[in-house]
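Shown next, in the form of structure tokens:
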């Protein structure tokens, strides 16, 4: 079913991408249209990745993924921060990316990009002033942490809401959404662990434990 849905979406997504390319070359296009077209193109690229993730998760077995794709966090994270900059451009919030250690993971970059993008998007949506910090700790495995100065949360209530959202059968157009579904399935597939902590003075820290995918490329 997922395979069929992914293939069905490919054609309309390709049509949108082609239309954006055509519009972007028009000489009479006003300057104010370039930014919206850029956002459309970014969204189309994101949809391509979502379709690829759905196909990947539907075909691969959750045990021993056997992948030999490499992902460098020092390349991926700055690019993701840049891609999500528009989410905080209209409020006093800044992404703060700390210097990153050399970290190579044995995992498809597209899968990690989707998981981290959902965390960055969530932090941006819930932070109205201050900062969103991104750092990687390699003292014991690989821990990717995203810390915001947002509204924070009640950990017990979040646990209850999350459990209920996974059990519920939402009406069409409602519910936790595809992002939560994909993040959950991706973490399960690669053996990653995702946890959330409430900061005492306000804010949230999301920790994505990627230690299960640590590897050194074969030279």
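Numbering (this note's numbering), first residue to last: 179 to 397. Think of the CB as a built atom: it goes at the ideal place given N, C-alpha and C, for glycine as much as any other residue.
Discussion item. Is the beta carbon of residue 326 closer than 7 angstroms to that of residue 310?
Written reply: yes
Worksheet item: Is the number of C-beta pairs between the region 214–233 and the region 248–255 that are closer than 8 angstroms three or more?
Response: no
Fill in: Local Cβ density within 10 Å of residue 200, reported as buried at 16 or more and exposed below that
exposed
Worksheet item: For residue 317, does the count of other Cβ atoms within 10 angstroms reach 16, so buried, or fall short, so exposed?
Response: exposed
Worksheet item: When burial is assigned at 16 or more other CB atoms within 10 Å of the CB, is residue 279 buried or exposed?
Response: exposed
Discussion item. So, at 6 angstroms on beta carbons, what are the nonlocal neighbours of residue 272 in its own chain, with the 5 sequence-adjacent residues on each side left out?
Written reply: 309
Worksheet item: Can at least three beta-carbon pairs, one atom from the region 287–295 and one from the region 224–234, be found at a separation below 8 angstroms?
Response: yes
Discussion item. Taking only three categories from DSSP, how would you classify residue 283?
Written reply: strand
Worksheet entry | Supposed close pair residue 363, residue 235 - CB separation, criterion 8 angstroms | 5 angstroms
Discussion item. Output needed for residue 352: all residues of its chain with C-beta closer than 7 angstroms, excluding positions within five of it in sequence on either side, in chain order.
Written reply: For residue 352, the predicted structure reports a pLDDT of 39, less than 50, and the residue's modelled location is therefore unreliable. A value from the coordinates is still provided. If we look at residue 352 and ignore the five residues flanking it on each side, it has no Cβ neighbours.
Worksheet item: Helix or strand or just coil, what does DSSP make of residue 259?
Response: helix
Item to complete: Using DSSP bridges, identify the partner residues of residue 321.
Response: 315 and 387
Worksheet entry | Contact under 7 angstroms by Cβ, residue 323 with residue 371 | no
Item to complete: Could you tell me if residue 268 is buried or exposed, where buried requires 16 or more neighbouring beta carbons within 10 angstroms of its beta carbon?
Response: exposed
Discussion item. In whole angstroms, give me the CA-to-CA distance for residue 298 and residue 248.
Written reply: 22 angstroms
Item to complete: With distances taken Cα to Cα, identify the nearest neighbour of residue 377 among 204, 328, 190 and 287.
Response: 328
Worksheet item: Between the Cα of residue 218 and the Cα atoms of 206, 231, 232 and 194, which residue gives the shortest distance?
Response: 194
Discussion item. Using 7 angstroms as the threshold, is the C-beta distance between residue 401 and residue 368 below it?
Written reply: This structure leaves residue 401 out entirely; the chain is present only between 179 and 397.
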